[in-house]
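>
In my numbering, the protein residues as written are -12 to 111.
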């Protein structure tokens, strides 16, 4: 699926795929992230009944910080975050023909005693 492909950019690969009722699921693990770092993807099939369409962070920027997944990319590259994102964008273009969509460009934020470089990248 395109979600599995997207997270492969960050070193994750599917280790288990399974069904939960009508939903297709996959567990992704990273060989470079902290041990036990697992992302569970759940693809729920479309239903034919009309449903309210939830806005996405790309259509409503105020939602950017409400629904997100944090991935520490520090072990993936010694580059500063802007350079790493440029490299990741090149890989994404070559592999999938798609640019990374930054919902918020890199910025610094102090969390506890550590200053982190953060950004928000839109998922598939």
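For every residue, glycine included, the Cβ atom is placed at its ideal position computed from N, Cα and C.
In the DSSP output, which residue or residues are listed as bridge partners for residue 5?
Position 18 of the chain shown, counting from 1, holds the residue named residue 5. Answer is 12, bridged to residue 5.
> In terms of residues, what are the limits of the alpha helix (DSSP H) holding residue 74?
What you label residue 74 is simply residue 87 of the chain shown in a count that begins at 1. Start and end: 68 to 83.
> Just mark residue 60 as buried or exposed, buried being the case when its beta carbon has 16 or more other beta carbons within 10 Å.
To locate residue 60, count along the chain shown from 1; it is residue 73. Counting Cβ neighbours within 10 Å, residue 60 comes out buried, since at least 16 surround it.
> What does the alpha-carbon distance come out to for the pair residue 88 and residue 108?
For the purposes of this step, residue 88 is taken as the residue at position 101 of the chain shown. For the purposes of this step, residue 108 is taken as the residue at position 121 of the chain shown. For residue 88 and residue 108, the distance between alpha carbons rounds to 6 Å.
> Let me confirm a value: residue 94 is counted as buried when at least 16 other C-beta atoms fall within 10 Å, else exposed. Which label applies?
By one-based count along the chain shown, residue 94 stands at place 107. Counting Cβ neighbours within 10 Å, residue 94 comes out exposed, since fewer than 16 surround it.
> For the beta strand (DSSP E) holding residue 96, just list the boundary residues, first then last.
Here residue 96 corresponds to residue number 109 of the chain shown, with the count starting at 1. Element bounds for residue 96: 89 to 98.
> Could you give the distance in angstroms between the alpha-carbon of residue 15 and the alpha-carbon of residue 100?
Counting from one through the chain shown, the residue named residue 15 turns up at place 28. Counting from one through the chain shown, the residue named residue 100 turns up at place 113. Going by the C-alpha atoms only, they are around 30 Å apart.
> Which partner residues does residue 107 have in the DSSP bridge list?
Locating residue 107 in the chain shown gives position 120, counting from the first residue. 91.
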